[in-house]
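Add 498 to a position in the sequence shown, counting from 1, and you land on the number used in our numbering.
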Amino acid sequence: MIISLRGRLVEATESTVILEVQGVGFEINASSSVLRSLPPFGQDLQVYTYLQVRDDALALYGFSSWDERRLFERLIGVAGIGPKSGLAIISNIAPEDFIRAVQSKDLKTLTKLPGVGKKTGERILLELKDAFAHVSFPDIEDGHPAVPEDILDDAVEALIALGYSLTEAEHMVNKAQPHLPEDYDLQELLKVALAQNSQQRGERVWRRNV
Numbered sequence: 499m500i501i502s503l504r505g506r507l508v509e510a511t512e513s514t515v516i517l518e519v520q521g522v523g524f525e526i527n528a529s530s531s532v533l534r535s536l537p538p539f540g541q542d543l544q545v546y547t548y549l550q551v552r553d554d555a556l557a558l559y560g561f562s563s564w565d566e567r568r569l570f571e572r573l574i575g576v577a578g579i580g581p582k583s584g585l586a587i588i589s590n591i592a593p594e595d596f597i598r599a600v601q602s603k604d605l606k607t608l609t610k611l612p613g614v615g616k617k618t619g620e621r622i623l624l625e626l627k628d629a630f631a632h633v634s635f636p637d638i639e640d641g642h643p644a645v646p647e648d649i650l651d652d653a654v655e656a657l658i659a660l661g662y663s664l665t666e667a668e669h670m671v672n673k674a675q676p677h678l679p680e681d682y683d684l685q686e687l688l689k690v691a692l693a694q695n696s697q698q699r700g701e702r703v704w705r706r707n708v
């Protein structure tokens, strides 16, 4: 089993990366968190991997952390969820948020994920409830101004409607909050989130081409 790879980043697409490891090139189906944090081409990148063995091919799936990889393994153990669906789910929600959704039986959050309808969501809750029953997370004071949850939810849904994934939308909203006045509204939040994202995307393109 290939569980991790570190090598020179040779190429990247919207869904894959190619790493050269000691002269051997590996094509890896990558999660969005991997793709968002790529180094410039030619530099080293480490990914945590899962190798799918099929009758007609071998397929590698890559993740930015052990938590993502472990959650992926849990997901593909659920009836009806294959590696491609598992990768799509991982790419649209952070492991902590997914686990919290299962613990709180939050079917609404699960059914926002690609390929997860009501039946699949209910199956996830049923089959994974025991796996995450004793997982806990520390409370973190982040210093963000207090904001009604409905504004944050509306902002995330608006960004998803613009084509961003759930994880990207939540990340953009969280990054925008420290740059906003205490009395901001939905329009101001979206404006800053989009501006911040455009700036970060420009910086990533510059780094990759250095």
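Here a beta-carbon is modelled for each residue, glycine too, at the ideal position from N, C-alpha and C.
Taking Leu624 as the reference, give the member of Tyr682, Pro538, Lys603 and Leu692 with the closest Cα. Between Leu624 and the set Tyr682, Pro538, Lys603 and Leu692, the nearest pair of CA atoms involves Lys603.
Taking buried to mean at least 16 other C-beta atoms within 10 Å of its own C-beta, is Val532 buried or exposed? Here Val532 is buried: its Cβ has 16 or more other Cβ atoms, across all protein chains shown, within 10 Å.
Per DSSP, what kind of secondary structure is His642 in: helix, strand or coil? Confidence at His642 is low in this model, with a pLDDT of 45, below 50, so the placement of that residue should be treated as unreliable; the coordinate-derived value is given next. Annotated three-state conformation of His642 is coil, per DSSP.
Taking 8 Å as the threshold, find out whether the region 535 to 543 comes into contact with the region 579 to 586 through three or more Cβ pairs. These segments do not touch.
Does the contact criterion of 3 or more C-beta pairs under 8 Å hold for the region 514 to 533 versus the region 553 to 569? At 8 Å Cβ cutoff, the stretches touch.
Distance check for Asp683 and Ile591, CA to CA, integer angstroms please. Distance from the CA atom of Ile591 to the CA atom of Asp683, rounded to whole angstroms, is 25 Å.
Where do the N-terminal and C-terminal ends of the alpha helix (DSSP H) with Val600 fall, by residue? Boundaries of the alpha helix (DSSP H) harbouring Val600: Pro593 to Gln601, taken from the DSSP string.
Please identify the residue among Ala659, Val522 and Gly578 whose C-alpha is closest to the C-alpha of Gly619. Per the C-alpha coordinates, the member of Ala659, Val522 and Gly578 positioned closest to Gly619 is Gly578.
Own chain partners of Ala667 with C-beta closer than 7 Å, once the 5 adjacent residues on each side are dropped: For Ala667, where only same-chain residues beyond five positions count, the Cβ hits under 7 Å are Val654, Leu657 and Ile658.
May I ask you to list the residues that DSSP assigns as paired with Gln694? Note: Gln694 sits in no beta bridge, so no partner.
Host beta strand (DSSP E) of Phe561 (start-end): For Phe561, the enclosing beta strand (DSSP E) has its first and last residue at Leu556 to Phe561.
Can you tell which of Gln601, Leu664, Tyr548 and Asp553 has the C-alpha that lies nearest to the C-alpha of Pro581? Ranking Gln601, Leu664, Tyr548 and Asp553 by Cα distance to Pro581 puts Tyr548 first.
Rounded to whole angstroms, what is the Cα-Cα separation between Ala674 and Glu571? As the crow flies, the alpha-carbon of Ala674 is around 32 Å from that of Glu571.
Any idea if Arg504 is buried or exposed, counting beta-carbon neighbours within 10 angstroms, 16 or more meaning buried? Exposed.
Look up Phe539 in the DSSP assignment and say whether it is helix, strand or coil. Reduced to three states, the DSSP call for Phe539 is coil.
Classification of Met670 by the beta-carbon crowding that lies within 10 angstroms, buried from 16 upward: The residue in question, Met670, is buried, as its Cβ has 16 or more Cβ neighbours within 10 Å.
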